[in-house]
Amino acid sequence: DSGVTQTPKHLITATGQRVTLRCSPRSGDLSVYWYQQSLDQGLQFLIQYYNGEERAKGNILERFSAQQFPDLHSELNLSSLELGDSALYFCASSVGFQGYQPQHFGDGTRLSIL
Amino acid sequence: AQKVTQAQTEISVVEKEDVTLDCVYETRDTTYYLFWYKQPPSGELVFLIRRNSFDEQNEISGRYSWNFQKSTSSFNFTITASQVVDSAVYFCALSEDTGNQFYFGTGTSLTVIP
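Read top to bottom, the protein sequences are chains U and Z. Going by this note's numbering, 52 is the number at position 52 of the first sequence; the sequence numbering is gapless. Going by this note's numbering, 228 is the number at position 114 of the second sequence; the sequence numbering is gapless.
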């Protein structure tokens, strides 16, 4: 158990809809990262937050947004969903943002778009 | 360009055989960190090891060993006497000291046949 909690575990929805994925980091971790893992794309970094502030952005679509709240949990919002958004979405956390700190991953949210 | 290359997409071995998973990285930073993660069929990502660029000592942990060679920019992972429970996708990742993003390879899917 990594200590990172992601909800829900599974989400099934239709094209055009909007969903929110939630992540609670490990106790004491201030950084939260979001990744998308699809079959043909591997693990793609989306965005990072540190102590409530956006710190780094990766290949995140404009239809996607995220935030980190004062209690350090984070939410990833996906809107105008398309079939290609079907993937496993991971949240990871680390103590800070220094490169040497390993990221600890949650179990992921599997999003299926019908 | 890919910062982390895992050229082996899939590997199958028979139980008790040794297997080496290759990882080649690319960075201009003098300080960087390398990681290996395991993703079993259940889907979660499990942190295995971190290596600092200034420490080229090989590391052994039980049946797992890692060979870090700066001269060839490689950080290979060997499983000795493989077991069925080792079946998983293994990811190599790079973190640069100047940044705060993990660069993941595309993963190597290992199947250990009983």
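Don't be surprised by glycine CBs; every beta carbon is placed ideally from N, CA and C.
Relative to the C-alpha of residue i, which residue among the options is closest?
{"i": "residue 107(U)", "options": "98(U), 47(U), 90(U)", "result": "90(U)"}
{"i": "residue 120(Z)", "options": "128(Z), 127(Z), 134(Z)", "result": "134(Z)"}
{"i": "residue 23(U)", "options": "29(U), 17(U), 4(U)", "result": "4(U)"}
{"i": "residue 227(Z)", "options": "202(Z), 123(Z), 152(Z), 206(Z)", "result": "202(Z)"}
{"i": "residue 127(Z)", "options": "175(Z), 194(Z), 157(Z)", "result": "194(Z)"}
{"i": "residue 142(Z)", "options": "198(Z), 221(Z), 196(Z), 167(Z)", "result": "167(Z)"}
{"i": "residue 105(U)", "options": "144(Z), 171(Z), 151(Z)", "result": "151(Z)"}
{"i": "residue 215(Z)", "options": "72(U), 43(U), 77(U)", "result": "43(U)"}
{"i": "residue 68(U)", "options": "52(U), 39(U), 59(U)", "result": "52(U)"}
{"i": "residue 65(U)", "options": "2(U), 18(U), 9(U)", "result": "18(U)"}
{"i": "residue 110(U)", "options": "49(U), 95(U), 88(U)", "result": "88(U)"}
Hey, residue i and residue j are a contact pair by Cβ (cut 8 Å); roughly how many whole angstroms apart?
{"i": "residue 136(Z)", "j": "residue 188(Z)", "result": "7 Å"}
{"i": "residue 209(Z)", "j": "residue 147(Z)", "result": "5 Å"}
{"i": "residue 63(U)", "j": "residue 79(U)", "result": "5 Å"}
{"i": "residue 222(Z)", "j": "residue 125(Z)", "result": "6 Å"}
{"i": "residue 217(Z)", "j": "residue 118(Z)", "result": "5 Å"}
Classify residue i: buried if its beta carbon has 16 or more other beta carbons within 10 angstroms, exposed otherwise.
{"i": "residue 99(U)", "result": "buried"}
{"i": "residue 82(U)", "result": "exposed"}
{"i": "residue 219(Z)", "result": "buried"}
{"i": "residue 85(U)", "result": "buried"}
{"i": "residue 177(Z)", "result": "exposed"}
{"i": "residue 117(U)", "result": "In the structure displayed, chain U extends from 1 to 114; residue 117(U) sits before or after that span and is not available."}
{"i": "residue 32(U)", "result": "buried"}
{"i": "residue 165(Z)", "result": "buried"}
{"i": "residue 175(Z)", "result": "exposed"}
{"i": "residue 289(Z)", "result": "With chain Z represented from 115 up to 228, any question about residue 289(Z) goes unanswered, as that position is not in the structure."}
DSSP on residue i, reduced to helix/strand/coil?
{"i": "residue 130(Z)", "result": "coil"}
{"i": "residue 86(U)", "result": "coil"}
{"i": "residue 27(U)", "result": "coil"}
{"i": "residue 220(Z)", "result": "coil"}
{"i": "residue 2(U)", "result": "coil"}
{"i": "residue 131(U)", "result": "Because residue 131(U) is not part of the residues shown, which for chain U are 1 to 114, the question remains open."}
{"i": "residue 186(Z)", "result": "helix"}
(request) Write down every uninterrupted run of the alpha helix (DSSP H) in the stretch 30–62 of chain U whose length is 4 residues or greater and which is fully enclosed by it, in chain order. (result) none
(message) Runs of 3 residues minimum, wholly inside the stretch 119–176 of chain Z: which ones carry the beta strand (DSSP E) assignment?
(response) 124–128, 133–135, 146–153, 160–166, 173–175
(message) Residues of the stretch 126–159 of chain Z in Cβ contact with chain B at a cutoff of 9 Å, in chain order, please.
(response) In the structure shown, chain B does not exist; the protein chains are U and Z.
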